[in-house]
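Student:
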Amino acid sequence: MVQATYSDSIRIALPKGRFHGPTADMLEACGFGMQDYNPHSRQYRVTSSRLSSVAAKVLQEKDISVHVSVGNYDLGICGRDWVREMQARYPASALLEVACLDYREGAVYVATSVHSSFISLAAVTSANRTIRIASEYPSVATKLAAQLRLRRFQVFPVWGAADAYPPESADVIVLWARNDQDVLSQGLIPVAKLFDVDAVVVANAVSLSQKDMSYIFGLLHARFRGATADSTLIHEAGKEQAPSELLTRWQGRLVKLALPDGHQKTPTVELLERAQLAVPGYAGRTMERRLLAEPEWLSVKVIRPQDMPLQVASGHFDIAITGQDWLTEHKIAFPASPVRELVDLGFGKVRVVAALSQSIPVETTEELRDYMGQGGIRSLRVASEYTNIADKYLRDNHIRSYRVMPTWGASEAFLPDDADLLVDNTQTGKTLADNGLKIIEVILRSSACLIANSTSLEDPAKREKIDLLTQQLAGAVQ
Numbered sequence: 083m084v085q086a087t088y089s090d091s092i093r094i095a096l097p098k099g100r101f102h103g104p105t106a107d108m109l110e111a112c113g114f115g116m117q118d119y120n121p122h123s124r125q126y127r128v129t130s131s132r133l134s135s136v137a138a139k140v141l142q143e144k145d146i147s148v149h150v151s152v153g154n155y156d157l158g159i160c161g162r163d164w165v166r167e168m169q170a171r172y173p174a175s176a177l178l179e180v181a182c183l184d185y186r187e188g189a190v191y192v193a194t195s196v197h198s199s200f201i202s203l204a205a206v207t208s209a210n211r212t213i214r215i216a217s218e219y220p221s222v223a224t225k226l227a228a229q230l231r232l233r234r235f236q237v238f239p240v241w242g243a244a245d246a247y248p249p250e251s252a253d254v255i256v257l258w259a260r261n262d263q264d265v266l267s268q269g270l271i272p273v274a275k276l277f278d279v280d281a282v283v284v285a286n287a288v289s290l291s292q293k294d295m296s297y298i299f300g301l302l303h304a305r306f307r308g309a310t311a312d313s314t315l316i317h318e319a320g321k322e323q324a325p326s327e328l329l330t331r332w333q334g335r336l337v338k339l340a341l342p343d344g345h346q347k348t349p350t351v352e353l354l355e356r357a358q359l360a361v362p363g364y365a366g367r368t369m370e371r372r373l374l375a376e377p378e379w380l381s382v383k384v385i386r387p388q389d390m391p392l393q394v395a396s397g398h399f400d401i402a403i404t405g406q407d408w409l410t411e412h413k414i415a416f417p418a419s420p421v422r423e424l425v426d427l428g429f430g431k432v433r434v435v436a437a438l439s440q441s442i443p444v445e446t447t448e449e450l451r452d453y454m455g456q457g458g459i460r461s462l463r464v465a466s467e468y469t470n471i472a473d474k475y476l477r478d479n480h481i482r483s484y485r486v487m488p489t490w491g492a493s494e495a496f497l498p499d500d501a502d503l504l505v506d507n508t509q510t511g512k513t514l515a516d517n518g519l520k521i522i523e524v525i526l527r528s529s530a531c532l533i534a535n536s537t538s539l540e541d542p543a544k545r546e547k548i549d550l551l552t553q554q555l556a557g558a559v560q
């Protein structure tokens with residue numbers, strides 16, 4: 083096939099995850115010729131066999147709105163939810179929603195626990211106490227609270243598993259779900275649907291004004307459709323249910339422990355087994371978020387390790403197993419936070435490193451600073467999941483001109499096109515090397531650790547149990 087050539091080069095960010103398959107099918111039907119973009123491919127970079135001036139990269143949806151906004155990409159395709167989150171946080175950003183595409187996946191809901199007294203929005207808005215809101219969309223949640231004119235509220239940003247927090251740690255959550263039934267199946271009441279999550283085409287405002295993208299829009303035009311109207315925040319009130327036996331027992335126990343999901347789950351299970359601490363339901367693929375441990379005084383909840391330091395500091399848990407990297411990330415942001423490390427658990431060892439493209443003639447942080455001073459890089463673009471650690475590392479090393487861009491996984495894909503420096507964790511460094519990167523500094527070494535709320539440690543009854551558990555886990559460290 084002969085490639086069509088256009089004067090302006092266009093960079094497009096394409097989604098992984100829920101919209102990967104539908105977007106790949108749509109681009110194929112529209113004639114983009116991006117055969118390497120499919121759910122089975124592990125390639126980050128994609129070219130078009132038809133359009134020589136078009137290049138694409140496959141990113142997490144959360145990253146697309148950010149990187150289109152800062153101008154790393156001219157166009158992107160992602161869910162409407164992440165566009166709303168970006169626009170709510172940065173109303174003056176350069177992110178523009180061009181058009182909705184003719185496919186969607188789920189919606190963003192406002193939900194409460196079936197065991198809560200907040201069974202409608204009216205009940206939430208009339209409350210005479212602080213409303214605690216947990217969400218992966220903290221800016222959308224904050225904007226909603228203002229629209230509802232809540233008298234007092236707190237928003238707790240979470241990396242995921244928002245459904246795990248009510249009713250003990252949150253009164254309201256704002257979450258994505260496939261439909262009402264999906265919300266109900268999680269023990270929640272969908273008190274309102276905020277908006278459907280359409281796949282949308284987004285553009286950088288500067289790129290849109292300066293580049294000819296008409297041929298791209300011409301290919302996509304048949305798949306454009308009008309945006310769906312936002313919901314009116316009216317939903318049929320749910321019915322409050324009496325607390326289940328499990329919930330009553332969980333809430334009644336003295337000590338609350340948070341355990342990790344994800345890749346840290348397996349080594350945590352092994353540690354608990356060596357410590358002879360039974361947590362029925364934690365091991366295996368099927369897992370409840372709320373569990374009862376064998377000691378009758380211990381309740382367990384399974385959440386993301388990234389969220390644990392803030393949740394422990396807020397008093398929602400007494401203790402948790404997380405990573406020293408995430409504890410450090412939290413403590414940099416909140417130096418006086420009432421959370422402390424009790425014991426290094428020894429597993430999940432990683433290094434948090436600064437890495438550059440191998441093509442840059444720099445081997446150390448000092449050389450990077452000198453290289454920038456000589457004009458090699460005017461302003462350093464930094465990609466990282468650890469935005470606070472990255473910022474502190476740069477400030478401590480007197481690197482003055484930089485911008486830290488948050489990422490949500492596969493951060494190595496951003497170099498060298500979209501970032502100059504990566505701050506990320508690695509076990510062996512192989513993935514970095516495979517992507518043409520080199521480590522110039524080890525910022526910190528991290529492993530799993532047990533953390534505790536300082537106030538909980540001042541409670542004699544809790545302190546006795548926490549000390550017992552700490553000794554049990556410390557004795558099982560290999």
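Residue numbers (my numbering): 83 to 560.
Beta carbons: idealized from backbone N, C-alpha and C, even for Gly.
1) I think residue 150 touches residue 95, with their Cβ atoms under 8 Å apart; what is that distance to the nearest whole Å?
2) Here's a check: name, in chain order, each residue in its chain whose Cβ is nearer than 8 Å to the Cβ of residue 636, leaving out the five neighbours to either side.
3) Provide the residue span of the alpha helix (DSSP H) that contains residue 464, from first to last.
4) If you pair each beta-carbon of the region 260–279 with each one of the region 183–191, do three or more pairs fall below 8 Å?
5) Does the region 369–388 touch the region 324–337, meaning 3 or more C-beta pairs lie closer than 8 Å?
6) Residue 334 lies in the alpha helix (DSSP H); which residues open and close that run?
7) Report the partner residues of residue 194 according to the DSSP bridge assignment.
8) Looking at residue 469 and residue 488, is the spacing between their C-beta atoms short of 7 Å?
9) Using only alpha-carbon positions, find the residue among 91, 125 and 353 that is nearest to residue 516.
10) CA-CA distance, residue 421 and residue 388?
11) Within 10 angstroms of the Cβ of residue 97, are there 16 or more other Cβ atoms? Answer buried if so, exposed if not.
12) For a test of the three-state rule: what should DSSP assign to residue 152, helix, strand or coil?
13) Rounded to whole angstroms, what is the Cα-Cα separation between residue 197 and residue 364?
14) Note down the Cα distance separating residue 264 from residue 207, rounded to an integer number of angstroms.
15) Measuring CA to CA, which of 229, 93 and 239 is closest to residue 214?
16) Taking residue 498 as part of the beta strand (DSSP E), name the residues at either end of that continuous run.
17) Specify whether the region 384–402 and the region 495–502 touch according to this definition: at least 3 beta carbon pairs, one from each stretch, less than 8 Å apart.
18) Please state the DSSP three-state secondary structure of residue 277.
19) Excluding sequence positions up to five away, which residues of its chain have a Cβ less than 7 Å from the Cβ of residue 331?
20) Please work out which residues of its chain come closer than 6 Å, Cβ to Cβ, to residue 103, disregarding the five sequence neighbours upstream and downstream, and give them in chain order.
21) Roughly how far, in whole angstroms, is the beta-carbon of residue 402 from the beta-carbon of residue 357, given that I think they are within contact range, below 8 Å?
22) Tell me the DSSP secondary structure of residue 359 in three-state form.
23) Buried or exposed for residue 407, please, with buried defined as at least 16 other CB atoms from any protein chain shown within 10 angstroms of its CB.
24) Looking only at C-alpha atoms, which of 383, 345 and 346 sits nearest to residue 362?
25) Where in the region 402–433 do unbroken runs of the alpha helix (DSSP H), each at least 4 residues long, occur, reported from the N-terminal end onward?
26) Under 7 Å, Cβ to Cβ, is there at least one residue of chain B near residue 399?
27) Taking residue 493 and residue 478 to be in contact with their CB atoms under 8 Å, please state how far apart those CB atoms are, rounded to whole angstroms.
28) Buried or exposed: which applies to residue 452, given that a residue is buried once 16 or more other Cβ atoms fall within 10 Å of its Cβ?
29) Assign residue 158 to one of three DSSP states: helix, strand, or coil.
30) Are the CB atoms of residue 212 and residue 234 within a distance shorter than 7 Å?
31) Near residue 306, which residues of its chain fall below 6 Å by C-beta distance, leaving aside the five closest residues on each side in sequence?
32) Using three-state DSSP, classify residue 119 as helix, strand or coil.
33) Give the single residue among 359, 409 and 259 whose Cα lies nearest to the Cα of residue 534.
34) Would you please state the rounded distance, in angstroms, between the beta carbons of residue 144 and residue 490? I believe it to be under 8 Å.
35) Going by DSSP, what residues sit across from residue 528 in a beta bridge?
36) Work out the CA separation of residue 295 and residue 86 for me, nearest whole Å.
Tutor: A quick look at the data gives this:
1) 6 Å
2) In the structure as shown, the chain begins at 83 and stops at 560. Residue 636 is therefore absent and cannot be evaluated.
3) Where residue 464 is concerned, there is no enclosing alpha helix (DSSP H), although the beta strand (DSSP E) it sits in stretches over 462–466.
4) Yes: the two stretches touch, three or more of their Cβ pairs being nearer than 8 Å.
5) Contact holds: three or more Cβ-Cβ distances are below 8 Å.
6) 327–334
7) Beta-bridge pairing links residue 194 to 271.
8) It is a contact, given that the beta carbons lie within the stated cut-off.
9) Nearest of 91, 125 and 353 to residue 516, Cα basis: 125.
10) 14 Å
11) buried
12) coil
13) 23 Å
14) 25 Å
15) 239
16) Here residue 498 belongs to no beta strand (DSSP E), and DSSP marks it neither H nor E.
17) No: fewer than three Cβ pairs fall under 8 Å.
18) strand
19) 374
20) 121
21) That belief does not hold up - the Cβ atoms of residue 402 and residue 357 are roughly 16 Å apart, past 8 Å.
22) coil
23) buried
24) 383
25) 406–415
26) This model lacks chain B altogether, as it is built from one protein chain only.
27) Going by Cβ atoms, the distance from residue 493 to residue 478 rounds to 21 Å, so no, they are not a contact pair.
28) Its Cβ having fewer than 16 others within 10 Å, residue 452 is exposed.
29) strand
30) yes
31) 181
32) coil
33) 409
34) 4 Å
35) 432
36) Because residue 86 sits at a pLDDT of 49, beneath the cut-off of 50, its placement in the model cannot be relied upon, and the following sentence gives the value as read from the coordinates. So the alpha carbons of these two residues sit roughly 13 Å apart.
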